[in-house]
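Undergrad: Protein chains in written order, with the numbering used here: chain A, 1 to 86; chain B, 1001 to 1293. C-beta atoms are modelled at their ideal positions from N, C-alpha and C, and glycine is treated no differently.
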Amino acid sequence: MKKELRKHLFDYLILISVGSLFLILLKVNQGNRTYSFIVALVFCMLYILWGIYHHYKLGSLYLKNVVEYILIGFTFLYLLKIILVI
Amino acid sequence: MNLKKIFLHFFTPQESNNYKAKTLQIDFLSFYLMVALLLAFTVKNMGPYVNNVLGFATDITTIKLFDLSNKEREKQSLQPLQYNKELAEAAQKKAADMFAKDYWAHFAPDGTTPWSFILNSGYQYEYAGENLAKNFLFSQGVVDAWMNSPTHKENILRKDYTEVGYGVVNGILNGEETTLVVQMLGTPLNKSLSLNKQNEIYPVTVSRPGIMAKEAQAVLGQDSIKPKINLLPFSVNGTYVFIFFFSLVLIADFYIASKLYIVKIGGKHMAHLIFLGFILLSVLFIIKNGAIL
């Protein structure tokens, strides 16, 4: 895992920065469910875009990869939706 | 296939699963999404029928709030608060007023004060205070948030208070389905003491000389109806378990594949783990909690 992180440090830093921003934005307006869901949706979309960008850069951009990011992203988005009671 | 082979087929990269744990493959990922969609649909549309009878899918009850607040007082060797139905009525009316006038504050836009709800319910107080919370999922979260705020904590642990009432009301606030929690704390008027008291107003606490003494009623609120079935704790705990399970399989698949030098087409496990980590942090520390005032 360390090897993978070191190899693509810039890409993972982008993902970690997006994730940190996601937490900060949630905290700023904590308790507003609709806002929280929109922030989570944007985070999910950025995660999928990150996957596309990363695999495009590596030359391994296949439909199967994109579908994997979409399925994982939306599964957890819907789990958050349940917790947010929206 | 024996059990061990089945286990390895589902959770580790093998020749039988084309060197990717079966539970991480597209068909299983699609299944997870379908389950999440089904759960989201059930909670959204069946919520009022299978969740808390008070309304939306929250697990907040006055009994739990009452017990948890008293536990906090017991920790500080303070007398437990007695439940008062007039304070509970005032709390419910305050919550209903916030929905009716669409505000989230101790003081209504038209100037109505927290203590006017208390007096209108027939409770004559020597001291009174109010704590508010909205959009929490669990009673524990509400009390924890209050205890983490110095002013709210001071209200709960104030020695002067002897009685409490709660209002847990659902409605639409600022266009959003919301569960409001109002905690009204009070001390019934004692004439002999009131002669020496001055008016004091705090952000969430008010005290003033009362008019008449009134006997405290230690009746636990009748609005605390236990939910029939509550999907919410199941959903939240299920999310934790699923994140844990999914992370474990990702780590195992990543570790074994790298040990065996397997190169495969697919998303990056490291990216999935980072994504899951942020989702877990958001649920644990932010989304599960609401706002207090």
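To be precise: take each residue of the segment 1124 to 1135 of chain B, compare its Cβ to all Cβ atoms of chain A, and keep it if any distance is under 9 Å. Which residues remain?
TA: Flagged, chain order: Ala-1133, Lys-1134 and Asn-1135.
Undergrad: State the start and end residues of the unbroken alpha helix (DSSP H) segment that holds Gln-1150 (chain B).
TA: It should be noted that the sequence gives Pro, not Gln, for residue 1150 (chain B). 1150 to 1156 is the extent of the alpha helix (DSSP H) around Pro-1150 (chain B).
Undergrad: Are Asn-1131 (chain B) and His-1152 (chain B) touching if we call contact CB-CB under 9 Å?
TA: Yes, the Cβ-Cβ distance between Asn-1131 (chain B) and His-1152 (chain B) is below 9 Å.
Undergrad: Check each candidate in B:Val-1241, B:Ser-1247 and B:Asn-1155 and name the one with the smallest Cα separation from Glu-1072 (chain B).
TA: If we check each option's Cα against that of Glu-1072 (chain B), B:Asn-1155 comes out closest.
Undergrad: Does any CB atom of chain A fall closer than 9 Å to the CB of Pro-1227 (chain B)?
TA: Reliability of the predicted coordinates at Pro-1227 (chain B) is poor, the pLDDT of 47 falling under 50, and no value is obtained from them.
Undergrad: Using a Cβ-Cβ distance under 9 Å, would Ser-1030 (chain B) count as near chain A?
TA: Chain A contact via Cβ: present.
Undergrad: Which class does Met-45 (chain A) belong to by DSSP, given the choice of helix, strand or coil?
TA: In this structure, Met-45 (chain A) counts as helix in the three-state DSSP scheme.
Undergrad: Nearest to Val-67 (chain A) by alpha carbon, out of A:Leu-49, A:Leu-80, A:Ile-82 and A:Ile-83?
TA: The option with the nearest alpha carbon to Val-67 (chain A) is A:Leu-49.
Undergrad: Below 8 Å on C-beta distance, what does Lys-1288 (chain B) contact in chain A?
TA: Chain A residues near Lys-1288 (chain B): Ile-83.
Undergrad: Grab the span of the alpha helix (DSSP H) containing Leu-80 (chain A) for me, first residue to last.
TA: Looking at the DSSP string, the run of the alpha helix (DSSP H) that includes Leu-80 (chain A) is 63 to 84.
Undergrad: Counting only C-beta atoms, is Phe-10 (chain A) closer than 9 Å to chain B at any point?
TA: So no, Phe-10 (chain A) is outside the interface.
Undergrad: For the candidate residues B:Gln-1183, B:Ser-1077 and B:Lys-1268, whose alpha-carbon lies nearest to that of Phe-1254 (chain B)?
TA: Checking every option, the nearest Cα to that of Phe-1254 (chain B) belongs to B:Lys-1268.
Undergrad: If contacts are defined as beta-carbon pairs under 8 Å, then Glu-1169 (chain B) and Gln-1092 (chain B) qualify, I think. What distance do you get, rounded to the angstrom?
TA: A small correction: the amino acid at residue 1169 (chain B) is Val; Glu does not occupy that position in the sequence shown. Yes, Val-1169 (chain B) and Gln-1092 (chain B) are in contact; Cβ-Cβ is about 6 Å, under 8 Å.
Undergrad: If I follow the unbroken beta strand (DSSP E) through Ala-1128 (chain B), where does it start and stop?
TA: Taken as a continuous stretch (DSSP letters only), the beta strand (DSSP E) holding Ala-1128 (chain B) covers 1125 to 1134.
Undergrad: Please check if any C-beta of chain B sits within less than 9 Å of the C-beta of Leu-41 (chain A).
TA: No, its Cβ sits nowhere closer than 9 Å to a Cβ of chain B.
Undergrad: Would Ile-16 (chain A) count as contacting chain B if we go by Cβ distances under 9 Å?
TA: Ile-16 (chain A) counts as touching chain B.
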